[in-house]
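Here is the structure we will look at, set down as structure tokens.
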Amino acid sequence: MLTDPIADFLTRIRNATGARKATVDMPWSRQKEALAKVLAAEGYLAGTTVVEARPRPVLRIELRYDAQRRPVIGGLKRISRPSLRVYVGSKEIPAVLGGLGVSVLSTPKGLLVDRDARRENVGGEVLCTVW
11 MLTDPIADFL TRIRNATGAR KATVDMPWSR QKEALAKVLA AEGYLAGTTV
61 VEARPRPVLR IELRYDAQRR PVIGGLKRIS RPSLRVYVGS KEIPAVLGGL
111 GVSVLSTPKG LLVDRDARRE NVGGEVLCTV W
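Structure representation (structure tokens):
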């Protein structure tokens, strides 16, 4: 059993982009699927699919690279973790690299990137930053 599935999610993506893999598979969960969809909407991932496998479903993520086969994702960092949760109000949401990256927040309105959370005026738990 994993103690931090989001950290595992980010590490699998980090390792797969380092190895220049086209896709990466991981155990499915609703939160991981939502996080993958947010990253795909922001342009960091090419796409996501859920593969119905036995005994458990698998989340397949298609990674995105530029024309020179460099990963679009420059870095991923877990912010809030099980041992130290990080919550912010709508006024304290951190900007990543002066706006070049995004923070992903778990809010009452679902998973949102920092820009959308500021616009909706909601705070929440800062899950990770991506640049």
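Oh and the sequence shown: position 111 is 121 in our numbering, straight run, nothing missing. From the three backbone atoms N, C-alpha and C, an ideal C-beta is built for every residue, glycine too. Note that the structure is predicted; figures quoted are calculated from it, not measured.
Straight-line spacing of the CA atoms in Val96 and Arg80 works out to 31 Å. Residues of the same chain with a CB within less than 7 Å of the CB of Ala46, apart from the 5 flanking positions on each side, are Leu55, Thr58, Leu69, Ile71 in chain order. For Ala26, no beta strand (DSSP E) segment is defined; the enclosing uninterrupted segment is the alpha helix (DSSP H) at 15 to 28. Within the stretch 34 to 97, the complete beta strand (DSSP E) runs of at least 3 residues fall at 55 to 61, 68 to 73, 86 to 88. In the three-state scheme derived from DSSP, where H, G and I count as helix and E and B as strand, Leu122 is classed as strand. Leu107 and Cys138 have their C-alpha atoms spaced approximately 13 Å apart. Between Leu115 and Ala44, the CB-CB gap reaches or exceeds 8 Å. Rounded to whole angstroms, the Cβ separation of Arg91 and Ala17 is 7 Å, and the two are in contact under 8 Å.
Looking only at Val82, Val98, Pro104, Arg64, the smallest Cα-Cα distance to Trp141 is reached by Val82. Counting the other CB atoms within 10 Å of its CB gives Thr27 a total of 16 or more, which places it among the buried residues. In this chain, the beta strand (DSSP E) harbouring Leu115 covers 112 to 117. A direct Cα-to-Cα measurement between Ser93 and Lys101 gives close to 24 Å.
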